[in-house]
Structure formats: C-alpha cells, structure tokens
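Residue 460 in numbering that gives the first Met the number 0 is what sits at position 461 of the sequence shown, and the numbering runs on without skipping anything. Don't be surprised by glycine CBs; every beta carbon is placed ideally from N, CA and C. Let me begin by presenting the structure, written as structure tokens, before commenting on it.
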Amino acid sequence: MIKKVNMKWFIYFFVFFLLLTLGLFYFLENSGARAIQESLVNSSKDQLSYADSIINGVISEASVYGAQYTAENSVRYLQSQKHNLGPYDFQMQKNAISNRLLDPLLSSQAIESIAIYWGPDGDFISTGSLSPTVFESVTQRGWQYVNGSFIYYSVYPYFFQPEDLANIQYVVGVKLKTEYLAALLEKAYNGSNSNAYFLVGNNTLISSKTVNNEIVEKAKKTIKPDSQEIFKFDYKTHDGTYYVLTKYIKPIDTYLVTYTRTNAFLNPLNLNNQVFFLSILVILVIGLIMIFMFYRNFYRNVYLLNKKFYQVEKGDYGTRIIENPDNEFFNLFQSFNHMVAKIQALFASLKIETDLRRNAEIKQLQSQINPHFLYNSLFFIMSLAKTSPEAVMQMSKHLAEYYRYLTKIDSHEITLASEMVLVDHYLSIMSLCKNIKYTINLAPELRDWRMMPLIIQPIVENAIQHGIEERQGAHRVSIDVKAANPGALIVIANDGKGLTPDEIKQLEARVQNDLPPKGTNGIGLWNVNQRLKNIYGESSSLRFFINDWGGLTVTFTIDFFPDEGGHYAVTDRG
C-alpha cells in the first residue's frame, strides 16, 4: 500500500491535514464563542423575563386599584348626594374618599398617585401630582402615556363602554412612578456591559443610564409587537458588537429593550485563539513553501510530460515541449520532442498512403455500379423518344444528375442531404421504368452532416432488384433518416419479397463475415456493411427485419462523434 502512494497524493494529504487542523480549530473557536454567547443571551433573557413579570405585576396592581375605586359605592353615589348634603358634609365626604385613596400608596412602591375626576360637575380628588386636565379627554378604559408618566384610566359606567364623552360620570386615574420603572431596568440587564430602556410609542425613552442611540434606531426598525416572544438581533457599532433583546409589553404598548456588549466577554478567548492560529499559520506557510519548491522542480515537469503524452494520444503530433528546465528533465524533454517528430513524419506518410487507398476504393465502387442500369435507362429513352418527349426529358435529367454526382464523390463534400438527392434521382429513374412509389424523409437538423458516400443507394438498389422485382404487385420503398443519440438512424423498407427468420439470420451471417461471399449474390450488402464497421464502428452494422408490408427493412446507425466518425466525422457544420 505504501509503495502506491506518489508525491501528488502526499502533497494532497499534507495540504488536507493542515486545512483540516485549521478547520477544526476554527470550529472549536466558534463553538466556544457561541456557547459563551448563548449562555449570556439565556441569562439576559431570564433577567428580561423577570423584569417583565414585575412590570406586569405592577400593571395588574394599578388596574385592580382603578377598577376597585370605580366600583366603590361612596364614589358612585357622591354626585347624587351633592345636592342633598351641605357644603361642609359634602367636603367631608370627599375627604373620606381621599383618605381611602391614600391606602394603596402606603403599601405600593410603584403607585405615585390616584385621582378621581367627575367631568360633568368638575369635581376632582387627587392624592398627588395628577391634575384635572389629564382627565378631560379620556373616553375609554386603559393605559395612556401622558406627560412622561403611565396612567391607567377606569371610566364609569364600568361594565359597558359609553359611546359619548358626556355619558361618562367619572374617571379614576392611577399613575405609576416613572422612577420606579427606571429602577426596574437594572433587573433586566446583565452587568456593567449591558443597558436597558423602555421605548414608548417608538419615540419616547425611559432609562436610568445613557443609551446607545445607534442601537435605539436599529431597535425601532426591528421590534415586533408580539407579547409572547423575546426577539433577539445582533448589531455592530463603532465600539463593539452587541446582542439586543426586545420584549413587547402589550397593556402599556411599550417595548422593554436590553443590549449587551459581547466583546468584553469574548476578547480574552479571542486572544488565545489568535496566538494558536498564528502558530498554525506559520506551519502552513512553511509547508506550502516546501510544496511549491517540490512542485516547481519535479511535479510540474512530470505533469507537463504527462499532458504532452495525452495530446499525442489524442492525435496532436505537432505538440512540442518548449520548456528548458535546469535539471534532469531537460534531456527527457528533448527525447520526447525527437520521438514525436518521428511519429509525426510517420503519420504524414501514412495519411498520404491512406488517401491514395481511399481514392482507389471510391473508383472501385464507381466501377461496381450496375452497367445494366445504364443500358436499361438508355433503352427506355430510345423507346419513348417519339411517343413521350416529357418522360425522355425527365429520364435524361435524373440520369445526368445521377452520374454527375458519381463523378464528384471524391470531393469529400458528401452529406446526408446530397446522398438523399442521389437516392431520389435513382428512384425517380426507376419509377419511370417501373411502377414504384417511394418516400424519403430526412430530419432537417441532419441535412448538413457529412457521411461516407455510396452507402444508402446500394441498399435501395438491392431492395428493388431482390425484393420488389421478385414479388408480384410490390411497388413501395420508404427511406427515413431520424436523429439518434449521438448520430442518425437510417431505415430503408420495401414491400417486396420478404425473408423468413432463418433466412434473415443467414443473411446477417453473410454480411458480418470478414470474407466476402462467393459469387455476386450479397456482395453489395457485404461491401456496405464492411465500410460502415470500418468507419463508424461495430454498432453501425446492418440490421434486417420483417416489416408490416411483409417485405424487408434494413437499418443502420451513423455516429457523428469525432472519436468514432473516422474521416467522415463532423467537426464543423456546413
């Protein structure tokens, strides 16, 4: 196993090991920092929840006092007794109510004052700083933030909401101590690196310390009115990174916001991590320098040599190594260049010989065209010269185009479309001589693809001579050329004499044989099949099937990819 490890894999392993070490360290650093931050966040959330519970308790307490004095009989009937009592007795009744309003203030640290305002008569009772003006516009029960203070208003009638301000008999107001709320903020934040404040109406702030204005503006854009969740977001300022927690207090429509600076907690850990990271980085740099020196003096030259051999393998015999390294690879590169030059000269000679052989094969194919076809065509022209000049003109035109094509097939411009034109001329001539109906279908996207010449016409000729002419009433020929990955599928069918399954197997065996059949029977199909296999590969061999007409169908494929297309492979269209 050790012997199979080359230097390339050693380099990969070394780099992988260093990167893995740095990755693990980075993961541990982030995990430690994340654990500390999560602990801080959870602690802050607990404190925020604790402060929220106290505030909700204060809100509930104030709401209870408001409801209590709204429903108290002495308050409810005070105005109705005003006309029955004298001024002195009425004032004594008001003083008694005022004394009862003072009772909650003695036991509550959060309630600053309680007041009752009778709007229709303008009577007013207060235990502190509340004035009648803050009651004049009250129309419904609930909390309001007025003149820098939270006030809970409870209106009478209590059990239904009056639709008109004139229907409100009196209003009870309970005012909270703003200083008490500010003092509660210290229970919501964690240590000297934290702060907290109340955000009222997206503008007003209540805080016991100076707050960071950048965080305040960011919080205004981020907060959500959801009293069930504590929302968190991170924010970076010029003086550090903060995590911000917000809690919506629905009864008073206020947000409790806390923020904590994380740098003070994470800086010591980051310092230790940076020292270790720097050590690993130095090791990585030294290792990379060693790898670079090895790569420059050895591995790059081996890779270059391997790349050049691959180019030669792909047929690029003009490639050369122009680098001149000052080491042992110089002689190796010179030997490579000398070897490739010899191979290039050998292939140039072989190409000339191959071209000459191909031209000889084409001339031989041209000479194999059935001479009886020409004789019969000429006799047909002679027989109809006097009676049907139009048929003579058509026959002469197709015959001239047919033989002109045969004289040009060595120009290497043969395409599927041009081969179909040749077949069309041939079938047109045969349809003038015999009762033959034919169809030719060529997929438009395949028209310009190049192919080997004289492949389809011999198969069509064989279909007429050995199929249609040997069956009474046969007259149909169809040729379909369809796109098939990665080339084309060519299907030639006729309704002539069919073959049995055994005869088809014998025919396939004859055309697949390496040696041509004896005599002239089957030599045309054998020749076509050998040319297909030599140029396009074994997968392009002829296949034979019985069709729905009862005749014979011949199919084969052409692979246009350069790796298997030989001389006729398509590298450029058109």
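Which stretch, first to last residue, makes up the alpha helix (DSSP H) that contains residue i?
| i | result |
| --- | --- |
| Glu460 | Ile455 to His465 |
| Gly141 | Where Gly141 is concerned, there is no enclosing alpha helix (DSSP H), although the beta strand (DSSP E) it sits in stretches over Gly141 to Val145. |
| Tyr496 | Note on residue identity: the sequence assigns Lys, not Tyr, to residue 496. Element bounds for Lys496: n/a, residue is neither H nor E. |
| Leu541 | From DSSP, Leu541 is part of no alpha helix (DSSP H); its letter is neither H nor E. |
| Val256 | Looking at the DSSP string, Val256 is not in any alpha helix (DSSP H); the run it does join, the beta strand (DSSP E), is Thr253 to Arg260. |
| Leu183 | Thr177 to Leu183 |
| Leu506 | Pro500 to Gln511 |
Does the separation of the CB atoms of residue i and residue j fall below 9 Å?
| i | j | result |
| --- | --- | --- |
| Phe335 | Ile320 | yes |
| Asp547 | Pro485 | no |
| Ile455 | Met429 | no |
| Leu184 | Ile150 | no |
| Tyr144 | Thr203 | yes |
| Ile413 | Pro452 | yes |
| Phe13 | Ile288 | no |
| Ala487 | Ala416 | no |
| Thr552 | Ile467 | no |
| Asn212 | Tyr241 | no |
| Ser148 | Glu111 | yes |
| Phe123 | Ile113 | no |
| Val232 | Lys217 | Here the sequence assigns Phe to residue 232, which means Val is not the residue at that position. Taking 9 Å as the Cβ cut-off, Phe232 and Lys217 qualify as a contacting pair. |
| Leu398 | Asn461 | no |
| Gln78 | Pro131 | no |
Mapping the DSSP letters down to three states, classify residue i as helix, strand or coil.
| i | result |
| --- | --- |
| Trp117 | strand |
| Tyr87 | helix |
| Asp225 | coil |
| Phe123 | strand |
| Arg33 | helix |
| Gly472 | coil |
| Gly233 | Contrary to the premise, residue 233 reads as Asp rather than Gly in this sequence. Three-state result, Asp233: strand. |
| Val420 | helix |
| Phe149 | strand |
| Val301 | helix |
| Lys481 | strand |
| Val215 | helix |
| Tyr155 | strand |
| Val391 | helix |
| Val173 | strand |
| Val602 | With the chain represented from 0 up to 573, any question about residue 602 goes unanswered, as that position is not in the structure. |
| Val210 | coil |
| Ile58 | helix |
| Thr386 | coil |
| Thr138 | coil |
| Ser410 | In this prediction, Ser410 scores a pLDDT of 48, lower than 50, which makes its location untrustworthy; the coordinate-derived value is nonetheless stated afterwards. Correct three-state label for Ser410: helix. |
| Glu111 | strand |
| Leu514 | coil |
| Arg99 | helix |
| Ala340 | helix |
| Gly565 | Reliability fails at Gly565, whose pLDDT of 44 lies under 50, so the model's placement of it is uncertain and the value that follows must be treated cautiously. It is helical. |
| Ile321 | coil |
Which stretch, first to last residue, makes up the beta strand (DSSP E) that contains residue i?
| i | result |
| --- | --- |
| Leu73 | It is worth fixing the name first, because residue 73 is Ser in this sequence and not Leu. Taken as a continuous stretch (DSSP letters only), Ser73 belongs to no beta strand (DSSP E), being part of the alpha helix (DSSP H) at Asn72 to Arg75. |
| Ile248 | Gly239 to Ile248 |
| Ala195 | Ser193 to Val199 |
| Asn440 | Lys436 to Leu441 |
| Thr552 | Leu551 to Ile557 |
| Ile534 | That residue, Ile534, is in no beta strand (DSSP E); its alpha helix (DSSP H) goes Ile522 to Tyr535. |
| Leu204 | Thr203 to Ile205 |
Would you mind sorting residue i into buried or exposed? The rule is 16 or more other CB atoms within 10 Å of its CB.
| i | result |
| --- | --- |
| Gln168 | buried |
| Phe275 | exposed |
| Pro457 | buried |
| Phe308 | exposed |
| Val171 | buried |
| Lys246 | buried |
| Thr386 | exposed |
| Leu421 | buried |
| Asp494 | buried |
| Ala340 | exposed |
| Lys174 | buried |
| Tyr437 | buried |
| Ile435 | buried |
| Tyr155 | buried |
| Pro86 | exposed |
Query - Cβ contact (3+ pairs, closer than 8 Å) linking the segment 513–527 and the segment 486–499 - result: no
Query raised in the report: Is the number of C-beta pairs between the segment 93–108 and the segment 66–85 that are closer than 8 Å three or more?
Result: yes
Query raised in the report: Between the segment 473–481 and the segment 400–409, do three or more beta carbon pairs fall short of 8 Å?
Result: no
**Report entry** Contact the segment 251–261 vs the segment 48–62: 3+ CB pairs below 8 Å
**Finding:** yes
**Report entry** the segment 276–291 touching the segment 303–317, judged by at least three CB pairs closer than 8 Å
**Finding:** no
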